[in-house]
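Reading the sequence shown from the start, the letters are residues -19 to -1, 1 to 82 in mature numbering (1 follows the signal peptide of the UniProt record, and there is no 0).
All residues carry an ideal CB built from backbone N, CA and C; glycine is no exception.
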Amino acid sequence: MQIMKTLVSVFLMATLLWACSPGLNPENTAKVEEAFAKYEDSPGKTVFRDKCAKCHGYRLPETRLAEKWPKTIDKMAPKAKLTDDQKAAVLAFVTKYAKAS
């Protein structure tokens, strides 16, 4: 039982550290440009970069599993004041480049 508690504690700590870890430094424009250059241009890429990633330390789509993105986008779209078209474009972009499950 103690091993299970330890494993759960380690998992929770790792999750917390990942969630709080910074993405790309927005001041390092060269790194941001390099990171986003690997994605083909699309409206979703533009909105994600300007309205989503900017506030979240330029975390990239592949930092989440594809099946996790819809819930995240549903939650964050009103806060970012995304239109339905922008929301759909962002969801298409992030799921295209997300980690496979």
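- Judged by their CB atoms, K68 and I54 are nearer to each other than the 8 Å cut-off.
- Shown here for V75: same chain residues with a beta carbon closer than 6 Å to its own, the five before and five after excluded, namely P42, W50 in chain order.
- When DSSP reads this structure, K80 sits in a beta bridge with L46.
- Within 10 angstroms of the beta-carbon of L46 lie fewer than 16 other beta-carbons, which makes it exposed.
- Within the same chain, S82 come within 8 Å of E48 by CB-CB distance, once the 5 residues on both sides are set aside.
- When C33, T44, A16 are compared, the shortest CA-CA separation from A61 is found for C33.
- Taken atom to atom, the span from the alpha-carbon of R40 to that of N9 is near 14 Å.
- In the displayed model, E21 falls within coil according to three-state DSSP, outside both helix and strand.
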